[in-house]
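Chains as they are written, first to last, in the working numbering: chain A, 1 to 232; chain B, 233 to 540; chain C, 541 to 861.
We put the CB at the ideal spot given by N, CA and C, even for glycine.
All figures in this text were calculated on a predicted structure; none of them were measured in a lab.
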Amino acid sequence: MKRTIPLLITAVGGFVLIAAYFIPFTQGWGESVAVWFDVLASIAFILGGGNLLKIHLKKVSDRVPGWGYSLIVLGSFLLTLGIGLLKVGVAPSEQYPAFRWSGYYSEIGAPFWFFYEYAFQPLTATMFAMLAFYIASAAFRAFRAKNLEAVLLLGTAFIILLGRTFAGVALTSWIPEGSVFAGLRVENLTVYIMSVFNTIGNRAIMIGIALGIVSVSLKILLGVDRSYMGKE
Amino acid sequence: MKRETTIWAVIMLLGLLGLAGRAMLTSTGMGREYVRAVPVADGQWTRYDPATYGEFLGAEAADPAQSDVQLSWPRSVGLWVAAFFTLAIFSFLYRDNPFYRVAEAIVVGVSAGYWMVVGFWDVLVPNLFAKLAPGTIQSSVMPGLTGSDAGRNLWYLIPLVLGIMLLWRLLPTGAWISRWPLAFIIGTTAGLRMIAFLHGDFLAQIRNSILPLAVFEAGVFDVGASLTNLIMVVGVLCCLAYFFFSFEHQGVVGGAAKVGIWILMITFGASFGYTVMGRIALLAIRMEFLLDDWLWLIDPIGRRVGGG
Amino acid sequence: MTAFLIGQWWLVMIVVISLVPLFRKISREGLFDALVSLDRRWIFLVMLWAVLVPIYYIGVTGDTFPEVPSALAQATFDEIEALEPGDRILLAFDYDPASEGELGPMATAFVRHAAEKHLKMYFIALWPVGLQMIDETVSRVIESDFPELVYGEDYVSLGFKSGGEAVIKVIVTNIRELYTTDSRGTSIGEIPMMEGIENIQQMDLLVNISAGYPGTKEWVQYAVTPYPDRIRLIAGATGVQAPLLYPYIPNQLPGLLGAIKGAAEYEKLVTDAYGGENPDPKYLEGLRRMGPQLVAHLLIIVLILIANVLFFTSRKREASG
Numbered sequence: 001m002k003r004t005i006p007l008l009i010t011a012v013g014g015f016v017l018i019a020a021y022f023i024p025f026t027q028g029w030g031e032s033v034a035v036w037f038d039v040l041a042s043i044a045f046i047l048g049g050g051n052l053l054k055i056h057l058k059k060v061s062d063r064v065p066g067w068g069y070s071l072i073v074l075g076s077f078l079l080t081l082g083i084g085l086l087k088v089g090v091a092p093s094e095q096y097p098a099f100r101w102s103g104y105y106s107e108i109g110a111p112f113w114f115f116y117e118y119a120f121q122p123l124t125a126t127m128f129a130m131l132a133f134y135i136a137s138a139a140f141r142a143f144r145a146k147n148l149e150a151v152l153l154l155g156t157a158f159i160i161l162l163g164r165t166f167a168g169v170a171l172t173s174w175i176p177e178g179s180v181f182a183g184l185r186v187e188n189l190t191v192y193i194m195s196v197f198n199t200i201g202n203r204a205i206m207i208g209i210a211l212g213i214v215s216v217s218l219k220i221l222l223g224v225d226r227s228y229m230g231k232e
Numbered sequence: 233m234k235r236e237t238t239i240w241a242v243i244m245l246l247g248l249l250g251l252a253g254r255a256m257l258t259s260t261g262m263g264r265e266y267v268r269a270v271p272v273a274d275g276q277w278t279r280y281d282p283a284t285y286g287e288f289l290g291a292e293a294a295d296p297a298q299s300d301v302q303l304s305w306p307r308s309v310g311l312w313v314a315a316f317f318t319l320a321i322f323s324f325l326y327r328d329n330p331f332y333r334v335a336e337a338i339v340v341g342v343s344a345g346y347w348m349v350v351g352f353w354d355v356l357v358p359n360l361f362a363k364l365a366p367g368t369i370q371s372s373v374m375p376g377l378t379g380s381d382a383g384r385n386l387w388y389l390i391p392l393v394l395g396i397m398l399l400w401r402l403l404p405t406g407a408w409i410s411r412w413p414l415a416f417i418i419g420t421t422a423g424l425r426m427i428a429f430l431h432g433d434f435l436a437q438i439r440n441s442i443l444p445l446a447v448f449e450a451g452v453f454d455v456g457a458s459l460t461n462l463i464m465v466v467g468v469l470c471c472l473a474y475f476f477f478s479f480e481h482q483g484v485v486g487g488a489a490k491v492g493i494w495i496l497m498i499t500f501g502a503s504f505g506y507t508v509m510g511r512i513a514l515l516a517i518r519m520e521f522l523l524d525d526w527l528w529l530i531d532p533i534g535r536r537v538g539g540g
Numbered sequence: 541m542t543a544f545l546i547g548q549w550w551l552v553m554i555v556v557i558s559l560v561p562l563f564r565k566i567s568r569e570g571l572f573d574a575l576v577s578l579d580r581r582w583i584f585l586v587m588l589w590a591v592l593v594p595i596y597y598i599g600v601t602g603d604t605f606p607e608v609p610s611a612l613a614q615a616t617f618d619e620i621e622a623l624e625p626g627d628r629i630l631l632a633f634d635y636d637p638a639s640e641g642e643l644g645p646m647a648t649a650f651v652r653h654a655a656e657k658h659l660k661m662y663f664i665a666l667w668p669v670g671l672q673m674i675d676e677t678v679s680r681v682i683e684s685d686f687p688e689l690v691y692g693e694d695y696v697s698l699g700f701k702s703g704g705e706a707v708i709k710v711i712v713t714n715i716r717e718l719y720t721t722d723s724r725g726t727s728i729g730e731i732p733m734m735e736g737i738e739n740i741q742q743m744d745l746l747v748n749i750s751a752g753y754p755g756t757k758e759w760v761q762y763a764v765t766p767y768p769d770r771i772r773l774i775a776g777a778t779g780v781q782a783p784l785l786y787p788y789i790p791n792q793l794p795g796l797l798g799a800i801k802g803a804a805e806y807e808k809l810v811t812d813a814y815g816g817e818n819p820d821p822k823y824l825e826g827l828r829r830m831g832p833q834l835v836a837h838l839l840i841i842v843l844i845l846i847a848n849v850l851f852f853t854s855r856k857r858e859a860s861g
């Protein structure tokens, strides 16, 4: 019972969406199921937040090493949540000035916008900016031309790296544009590699992945794969 | 270790002195944000739109007593906080340190909170609560909710109940309760993806791979295009041959698989090149923030040109 | 360049002083041994200078590299250029601050192009922070340079909805089921430009700016592929995403801008068409960013070459002794 109903829900949810694709009469059902999915996805954000609270509260209560940082996580989380949910400092909508809660929660100048503009945005952006340094370090440490395949990979990478900047253009600018050898100009070579070889490889990968997804989806919908339900 | 600490202490002290000097002693200064005050709703309250230092200088030149364009202390402090957060994250490149840990903790907390707030106001309020209690929502937070969209739709009790069951996951007992909404999510995703991948990534890609092997441009045989199409068709088949693990890679199949690997290596090399390009642009924008927005060392957009 | 180096001597000094310990290590241990045991933080430092110095140079001098748009960027430009004033364009901002470096210039250029063409712009976001990206781009482009455009009549921000591909699945047949208000809370029925809009098949063009999932792949799979005759899509994608989207070109995706290079090419096309003699530097962000790109790319190539020279030299030394 505890596992049968979920299996039925999985099958019904999935097959309604598949049917909606082919049978116009069921299109409305498919739309409803998709909208409910979208609502559930937002509730999943709440689940994520709740999980964060649970984990970090436990760290603080158990006084694990570094629990002070967990306190900061909790504080910043609750502060952002409170300010955003309560629309603190947000002016009412211009059309409905009598309704205190009618304003746009993320309007420029509101405290919630401050948290986005001066905390969330610089921190997230800088976290990802660090990747540039790690790519340089990886380039120095990991990329060895040990065999033909590695040489192909590195050679292509060099052509792309040069061809997508002015360095490549300058390097082969001496090859006349209209000549037979124009294809060897690095920028043209780059375009050819991307539109032919890169397309070939990614197309084959895409076809393979599509078959894999179809197989996994069918197994889930038909109840063959029940791993998502966890242990009994 | 002590020498390293001393060197860093000296660098940080010089840095702070330099920042203080640039901010307070130079004519241009640095790290200030300006706003333009705009009265809203017949002057009931004021909205502060972003403005530039150039606009401030222009407004002051026109009327020294003006207060429309003004310095914004909260936003200026926010800018300095953002700059220190940026440097704190970058400090991890040297070594793990408390500044980085604090910044990391803040980003984890703020982003989780941010996502929840966005999910609440943009999805849950208009698409769940407004469908179940439209009157309450309209009289409190969404006075603009009118017309046919303002009707009650009790079918939305289903996602509400499933949502509550999903949140049950946070409680120590009754883990089986969250299986229902999870099953719904998994089933819906599987149903959506199966058809989409089959149609868009399998059938459509096979169709895209069927290319004319003899291309004629205005009646003339185009060698280049024909050769390219031939390479594409043969190339896709060779790469697929490589992925065929139920056949032994010997003979013709082995040869095709070998060619397939070579093409895949070129593909991965191209991906690496593009990935490098992508990552560097992300670093570039942070450097621009530090040099332009904070330190006021460069002004490529001309935001601090007087009278602008 | 020489004038710059002389004028900004303090920057040159800082760069040189920061690398002195490395030079001392090399002189002490010899080039080969120093590089083989190189602390990766030196590579980080060199990468920092490789990006920071060109940005400073371009910021001070205003020089940028010339840009020749590729055929794919031209195809992307032509898709919007072919539209008539009053045509409807849906712009989906599916990215966040983490990819703003690459996609911000594309978003700015797309919105500017659409505004210059007097298209009716419908903004949506499948990423939560996409809404902020929409607000920033609208503020930077429309409110600043096109104040005659009226919200609700010329452009509208419908906002974010969670669910990824399920959102696309719904709005492709019924947009009002999901979007009952815009991002500000105004009822859809009260927005003039939403009158008669039942689904996104009525849009003349879809523009997607995508950093990952959900993004262009999902738009191709759930919007374009089921309705190939009704929906047309062009996209701007990050460097990581772009190569993966090439199989969709041109049947499912007629135009694609890849990474900051694609952004720079598109900016060039838009400013050449609409920028006049002295284009506003605000719309040349991608072009400016190609400067540090070039230096950093050369650095990566040099690092790989040095690493391979060291590798083969080590192998030879091991083989001989």
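Selected residue, minimal CA-CA separation from residue i, among the options
i, options, result
"MET541 of chain C", "C:GLN741, C:VAL593, C:ALA803, C:ASP812", "C:VAL593"
"ALA655 of chain C", "C:TRP759, C:LEU784, C:VAL810, C:TYR719", "C:VAL810"
"VAL73 of chain A", "B:VAL342, B:ALA446, B:LEU462, B:HIS481", "B:VAL342"
"ILE785 of chain C", "B:MET374, B:VAL272, B:GLY432, B:ILE498", "Looking at the sequence shown, residue 785 of chain C is not Ile but Leu. The option with the nearest alpha carbon to LEU785 of chain C is B:GLY432."
"LEU52 of chain A", "A:PHE15, A:THR190, A:PHE77", "A:PHE77"
"LEU360 of chain B", "A:ILE220, A:THR10, A:ASP38, A:PHE15", "A:ASP38"
"MET519 of chain B", "C:LEU562, C:TRP589, C:LEU575", "C:TRP589"
"PRO444 of chain B", "B:LEU435, B:PHE434, B:VAL455", "B:VAL455"
"GLY208 of chain A", "B:ALA446, B:LEU472, B:VAL452", "B:LEU472"
"TRP113 of chain A", "A:TRP174, A:LEU171, A:VAL88", "A:VAL88"
"GLN742 of chain C", "C:PRO819, C:ILE771, C:ARG716", "C:ILE771"
"TYR806 of chain C", "C:VAL651, C:VAL696, C:PRO787, C:GLY736", "C:VAL651"
"ALA129 of chain A", "B:MET509, B:ILE533, B:VAL537, B:PRO532", "B:MET509"
"ARG384 of chain B", "B:PRO366, B:PHE322, B:VAL373", "B:PRO366"
"ALA516 of chain B", "A:ILE200, A:SER173, A:LEU131, A:PHE143", "A:LEU131"
"ILE200 of chain A", "B:SER441, B:LYS363, B:PHE429, B:LEU435", "B:SER441"
"GLY704 of chain C", "A:SER106, A:ALA41, A:VAL196, A:PHE197", "A:ALA41"
"LYS822 of chain C", "C:GLU758, C:LEU689, C:THR677", "C:THR677"
Residue i - containing beta strand (DSSP E), residue span
i, result
"THR278 of chain B", "277-283"
"ASP634 of chain C", "628-634"
"GLY699 of chain C", "695-700"
"GLY795 of chain C", "795-798"
"LYS660 of chain C", "660-665"
"ILE774 of chain C", "773-777"
"SER750 of chain C", "745-750"
"LEU222 of chain A", "Here LEU222 of chain A belongs to no beta strand (DSSP E), and DSSP marks it neither H nor E."
Opening and closing residue of the alpha helix (DSSP H) in which residue i lies
i, result
"GLN548 of chain C", "GLN548 of chain C -> no alpha helix (DSSP H), and no H or E assigned at all."
Closer than 8 Å between beta carbons: that is the criterion. Which residues of the segment 697-711 of chain C meet it against chain A?
LYS701, SER702, GLY703, GLY704, ALA706, VAL707, LYS709, VAL710
Kindly confirm or deny that the segment 285-292 of chain B and the segment 100-120 of chain A touch, where touching means at least three C-beta pairs closer than 8 Å.
no
In chain order, what residues of the segment 13-40 of chain A put their CB closer than 8 Å to some CB of chain B?
GLY13, GLY14, PHE15, VAL16, LEU17, ILE18, TYR21, SER32, VAL33, ALA34, VAL35, TRP36, PHE37, ASP38, VAL39, LEU40
For the 8 Å Cβ check, are there 3 or more pairs between the segment 243-262 of chain B and the segment 514-532 of chain B?
yes
Please give me, in chain order, every unbroken run of the alpha helix (DSSP H) with length at least 4 that falls completely inside the segment 468-534 of chain B.
483-520
Given a limit of 8 Å on CB to CB distance, which residues of the segment 321-347 of chain B reach chain A?
ILE321, PHE322, PHE324, LEU325, ARG333, VAL334, ALA335, GLU336, ALA337, ILE338, VAL339, VAL340, GLY341, VAL342, SER343, ALA344, GLY345, TYR346, TRP347
Please identify, using Cβ separations under 7 Å, the residues of the segment 196-214 of chain A that lie next to chain C, in order along the chain.
ASN198, THR199, ASN202, ARG203, MET206
Does the count of Cβ pairs from the segment 672-679 of chain C and the segment 634-649 of chain C closer than 8 Å reach three?
yes
What residues in the segment 590-623 of chain C bring their beta carbon closer than 9 Å to a beta carbon of chain A?
ALA590, VAL591, PHE605, PRO606, GLU607, VAL608, SER610, ALA611, LEU612
Give the list of continuous alpha helix (DSSP H) stretches no shorter than 4 residues that lie fully inside the segment 345-423 of chain B.
366-372, 389-399
At 4 residues or longer, what runs of the alpha helix (DSSP H) sit wholly inside the segment 552-594 of chain C?
571-576
When the Cβ atoms of the segment 773-782 of chain C are set against those of the segment 724-736 of chain C, are three or more pairs found closer than 8 Å?
no
Compile a chain-ordered list of the residues in the segment 812-845 of chain C whose CB is closer than 8 Å to at least one CB of chain A.
MET830, GLN833, LEU834, ALA836, HIS837, LEU838, LEU839, ILE840, ILE841, LEU843, ILE844
Is the segment 423-443 of chain B in contact with the segment 12-23 of chain A, if contact means three or more CB pairs nearer than 8 Å?
yes
If contact is defined by three or more beta carbon pairs under 8 Å, each pair taking one atom from either stretch, is the segment 315-331 of chain B in contact with the segment 561-573 of chain C?
no
For the segment 780-805 of chain C, enumerate the residues whose C-beta is nearer than 7 Å to any C-beta of chain A, in chain order.
PRO783, LEU784, TYR786, PRO787, LYS801
Which ranges would you report for the beta strand (DSSP E) in the segment 699-768 of chain C if only whole runs of at least 3 residues count?
745-750
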